[in-house]
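To start, the structure itself, in structure tokens.
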Amino acid sequence: MVCALMDETGTLLEANAGFLRLIEAHSLADGRSNVARFFIQPNWKSLLKISGAADGEIYRGLLTLDDYMGKTRTLKAGVWHIHGQVRLVAEFDIAELEQLNDTVLGLNRSYALAEFALAQSNFKLETNARALEQSVSELQEANTQLSRMHNQLLQSEKLASIGILAAGVAHEINNPIGFVTSNFSTLKSYVYQLLTLVGAYEATDQLDLIEAMKTEIDLNWLKEDVVLLLDESQSGLDRVKHIVRSLNDFAKINDSEVCQPSDLHEGIECTLSVAWNKIKHQCELRKEYGELPAVMCVLPQINQVVLNLLTNAAQAIPGKGIVTIRTGHTADEVWIEISDTGQGMSPENIKHIFDPFYTTKPVGQGVGLGLPASLGIVERHHGRIDVQSECGNGSVFRVWLPLQQPTLST
Ligand SMILES: Nc1ncnc2c1ncn2[C@@H]1O[C@H](COP(=O)(O)OP(=O)(O)O)[C@@H](O)[C@H]1O
Ligand SMILES: [Mg+2]
Numbered sequence: 062m063v064c065a066l067m068d069e070t071g072t073l074l075e076a077n078a079g080f081l082r083l084i085e086a087h088s089l090a091d092g093r094s095n096v097a098r099f100f101i102q103p104n105w106k107s108l109l110k111i112s113g114a115a116d117g118e119i120y121r122g123l124l125t126l127d128d129y130m131g132k133t134r135t136l137k138a139g140v141w142h143i144h145g146q147v148r149l150v151a152e153f154d155i156a157e158l159e160q161l162n163d164t165v166l167g168l169n170r171s172y173a174l175a176e177f178a179l180a181q182s183n184f185k186l187e188t189n190a191r192a193l194e195q196s197v198s199e200l201q202e203a204n205t206q207l208s209r210m211h212n213q214l215l216q217s218e219k220l221a222s223i224g225i226l227a228a229g230v231a232h233e234i235n236n237p238i239g240f241v242t243s244n245f246s247t248l249k250s251y252v253y254q255l256l257t258l259v260g261a262y263e264a265t266d267q268l269d270l271i272e273a274m275k276t277e278i279d280l281n282w283l284k285e286d287v288v289l290l291l292d293e294s295q296s297g298l299d300r301v302k303h304i305v306r307s308l309n310d311f312a313k314i315n316d317s318e319v320c321q322p323s324d325l326h327e328g329i330e331c332t333l334s335v336a337w338n339k340i341k342h343q344c345e346l347r348k349e350y351g352e353l354p355a356v357m358c359v360l361p362q363i364n365q366v367v368l369n370l371l372t373n374a375a376q377a378i379p380g381k382g383i384v385t386i387r388t389g390h391t392a393d394e395v396w397i398e399i400s401d402t403g404q405g406m407s408p409e410n411i412k413h414i415f416d417p418f419y420t421t422k423p424v425g426q427g428v429g430l431g432l433p434a435s436l437g438i439v440e441r442h443h444g445r446i447d448v449q450s451e452c453g454n455g456s457v458f459r460v461w462l463p464l465q466q467p468t469l470s471t
């Protein structure tokens, strides 16, 4: 707000701070209190001329003033002529407003520019974040692949060393076991014959000496115990024989068998006829056979795999349960699946089932070579074994074999 009171010559009588700031008050301090020279458009003279003689409003509109710096300023003003005095009331300094407007416009422009730059860097940031995410997931993927490869490496290292060991052990044990087993069965029949002979002596019942000896050696107990001991030793020998056979499969000592087009269903039936008698009282068997083309394989070895899986399935069933054999094929692979309704396995358990000598079964029931031996056979056929299992929910073992063998390493 600008207010000022002047006489007709333009001498300033009174003014507010706004007016004084405009013309710079201290330039008036030297006695030059006449402000007529500041009025540019309309100038002082014409302003007073407009008025004529009568009192009242003499001007309303834009008034251009010179300020103390020699810059012009335009005000929206009203001027009155009352009793020989001139009164000025002005509202806005338009130049200042325009300047302000310019400043605001300028600010707006910089704001818009800043916003644009911000949006640009935001976009760049987002792109970077996406790239970062991508590389993190690539890294994770590479990491899992690495640890998988590491596991595979460990596994194959273990298999290789155990294979060499197994080959030696199997070879060393096989021969003596052969003649001990054969000697043993002869021995068994000798003992039976001796016991029969003793029976005959007992029947004659003539000699007091015999009676005394019978008491001394506790013949009744001995007769029972000898048979028990023989049976127990026999089953021990059988077990060793079984271990040797597994080791043999595992270390591929039996390389006399040939790879030829085979009917897997025939193989499964043959295996069942051998194995089923042992396990049938404990499980119901279901067969869901699909169509199977002839598969290039060493059939007795595949039979061994099926036998191992069937035995495991039956052993996993605590009371009574179901074992199911399924078969099927894709364009270039066939599969045999053996599932059971048994106790299943924990994830920790599954990690180790292909480790040689890993078993969760009591001594005498498992030696932990069934699955590693089976995997050895399947891998030599360029196939794989998939396992799905949950604690308490049974297990599914699926053996995949290619229809054709590139070069079978028996
Ligand atoms: N069908 C199955 N259900 C539950 N556990 C199984 C099954 N098959 C294998 N396993 C687990 O894998 C282990 C290793 O099996 P395997 O190599 O055949 O040795 P073994 O039968 O002599 O223990 C078993 O001790 C058992 O813990
Ligand atoms: Mg087993």
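According to the working numbering, the residues represented by the sequence shown are 62 to 471, in order.
Virtual Cβ for every residue (Gly too), placed ideally from N, Cα, C.
All of these numbers come straight from a predicted model, not from anything done at the bench.
query: Regarding Y336 and ligand 1, is the C-beta to nearest heavy atom distance less than 7 Å?; result: This sequence places Ala at residue 336; Tyr is not what is there. Because no heavy atom of ligand 1 lies under 7 Å away, the Cβ of A336 does not count as near it: no.
query: Residues in the same chain with beta-carbon distance under 7 Å from I84, minus the five sequence neighbours each way, listed in chain order, please.; result: V96, F99, D128 and Y129
query: Using a threshold of 7 Å, is the CB atom of T420 nearer than that to any non-hydrogen atom of ligand 3?; result: With respect to small molecules bound, the structure shown includes ligand 1 and ligand 2 and not ligand 3.
query: Quick one: is V319 buried, meaning 16 or more other Cβ sit within 10 Å of its Cβ, or exposed?; result: exposed
query: If you measure from the CB of I414, is any heavy atom of ligand 1 nearer than 7 Å?; result: yes
query: Compute the minimum distance between the beta carbon of P408 and the heavy atoms of ligand 1, and state whether it is under 7 Å.; result: no
query: Is DSSP giving N77 helix, strand or coil here?; result: coil
query: Measuring straight from C-alpha to C-alpha, what distance separates R445 and L462?; result: 7 Å
query: For K376, which option in W396, E394, K341 and P408 has the closest C-alpha, if you only look at C-alpha atoms?; result: Note on identity: in this sequence residue 376 is Gln, with Lys being the wrong assignment. Selected option, being the one with the closest Cα: K341.
query: Report yes or no: do the segment 377-386 and the segment 408-425 share at least 3 C-beta pairs separated by less than 8 Å?; result: no
query: Just tell me which of Y350, A434, L136 and S246 has its CA closest to the CA of G328.; result: Y350
query: Give the straight-line distance between the Cα atoms of R347 and E409, rounded to the nearest whole angstrom.; result: 29 Å
query: Are the CB atoms of L464 and V366 within a distance shorter than 8 Å?; result: no
query: Count the other CB atoms within 10 Å of the CB of V63; is the residue buried (16 or more) or exposed (fewer)?; result: buried
query: Cα separation between L371 and A336?; result: 8 Å
query: Is the closest heavy atom of ligand 2 to the C-beta of G403 under 7 Å?; result: no
query: Can you tell which of V424, T257 and S450 has its C-alpha closest to the C-alpha of N281?; result: T257
query: Any heavy atom of ligand 2 closer than 7 Å to the Cβ of N369?; result: yes
query: When you compare only the Cα positions, how much space is there between I314 and C358?; result: At I314, the pLDDT of 49 sits below 50, so the modelled position is not reliable; the number obtained from the coordinates is stated separately. In a straight line, the C-alpha of I314 is about 17 Å away from that of C358.
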